[in-house]
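> Quick one: the structure is below, questions incoming.
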């Protein structure tokens, strides 16, 4: 993953838990204290940071990743990539349907970028099916956090239901996402 991801992990820990927690986490993970945003790092660095956060903060990996997904939308994407976000979609469903297009634009900046892929199907009004494809294992909670963060960004209340892998034939993680405007 690129340094921007690991640097965002750093930002989340600093914001929520402070300098001392970050020092313990990156030390335990045997990772640098900071990251060059445009530099590629082995995925294992990111996984080690998550594992160290679990150990140091006493919260589950799922909670770490989900919280990071929220943080990525609220504190990273909307701040540093507002222009890209505004060109990806005008509402929650439109944005999620255009995630692959956004990743294609990002690919021009980052060589060897290996983004996830999303297939979105309208099931009924207020419900979409999201199929998430990725070479990286264990990041579904991060994706759920991203979706929830996008829901907040677009003033939508979401409910995400994970569909068991044995309930569909595809090599993806499938979710049903119910959404409605926040009133």
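Numbering (the numbering used here), first residue to last: 1 to 183. In this text, a Cβ means the ideal position worked out from N, Cα and C, and glycines have one as well. A quick note: this is a predicted structure, and the numbers were derived from the prediction, not measured.
What did DSSP end up calling residue 137 once you bin it into helix, strand or coil?
One-based indexing of the chain shown puts residue 137 at position 137. Correct three-state label for residue 137: coil.
> Got a sec, what are the start and stop residues for the alpha helix (DSSP H) residue 168 sits in?
By one-based count along the chain shown, residue 168 stands at place 168. Per DSSP, residue 168 belongs to no alpha helix (DSSP H) and is neither H nor E.
> Distance, Cα to Cα, residue 84 vs residue 98?
Locating residue 84 in the chain shown gives position 84, where the first residue counts as 1. Locating residue 98 in the chain shown gives position 98, where the first residue counts as 1. When rounded, the distance between both Cα atoms is 11 Å.
> Three-state secondary structure (DSSP) at residue 144?
Sequence index remark: in the chain shown, residue 144 carries index 144 (1-based). It is helical.
> Hey, quick one: how far does the alpha helix (DSSP H) through residue 83 stretch, first residue to last?
Locating residue 83 in the chain shown gives position 83, counting from the first residue. DSSP places residue 83 in the uninterrupted alpha helix (DSSP H) bounded by 82-86.
> Mark residue 183 as exposed unless 16 or more other C-beta atoms lie within 10 angstroms of its C-beta, in which case mark it buried.
Working through the chain shown from its first residue, we reach residue 183 at position 183. Classification for residue 183: exposed.
> Please report the straight-line C-alpha distance between residue 48 and residue 126, rounded to a whole angstrom.
Here residue 48 is taken as the residue at index 48 of the chain shown, counted from 1. Here residue 126 is taken as the residue at index 126 of the chain shown, counted from 1. Rounded to the nearest angstrom, the two C-alpha atoms are 37 Å apart.
> Within 8 Å (strictly less), CB to CB, does residue 117 reach chain C?
Here there is only one protein chain, and chain C is not present.
> On the DSSP bridge list, what partners appear for residue 181?
Here the question's residue 181 lines up with position 181 in the chain shown. BP columns for residue 181 point to 156.
> I'd like to confirm the pairing. Which residues does DSSP put opposite residue 100 in its beta bridges?
Translated into the one-based positions of the chain shown, residue 100 becomes position 100. Note: residue 100 sits in no beta bridge, so no partner.
> If contacts are defined as beta-carbon pairs under 8 Å, then residue 130 and residue 96 qualify, I think. What distance do you get, rounded to the angstrom?
As a working mapping, residue 130 is identified with position 130 in the chain shown. As a working mapping, residue 96 is identified with position 96 in the chain shown. Contact between residue 130 and residue 96 holds, since their C-beta atoms are separated by about 6 Å, short of 8 Å.
> Exposed or buried, which one is residue 80 when buried takes at least 16 other CB atoms within 10 Å?
If you number the chain shown from 1, residue 80 lands on position 80. Exposed, since its Cβ has fewer than 16 Cβ neighbours within 10 Å.
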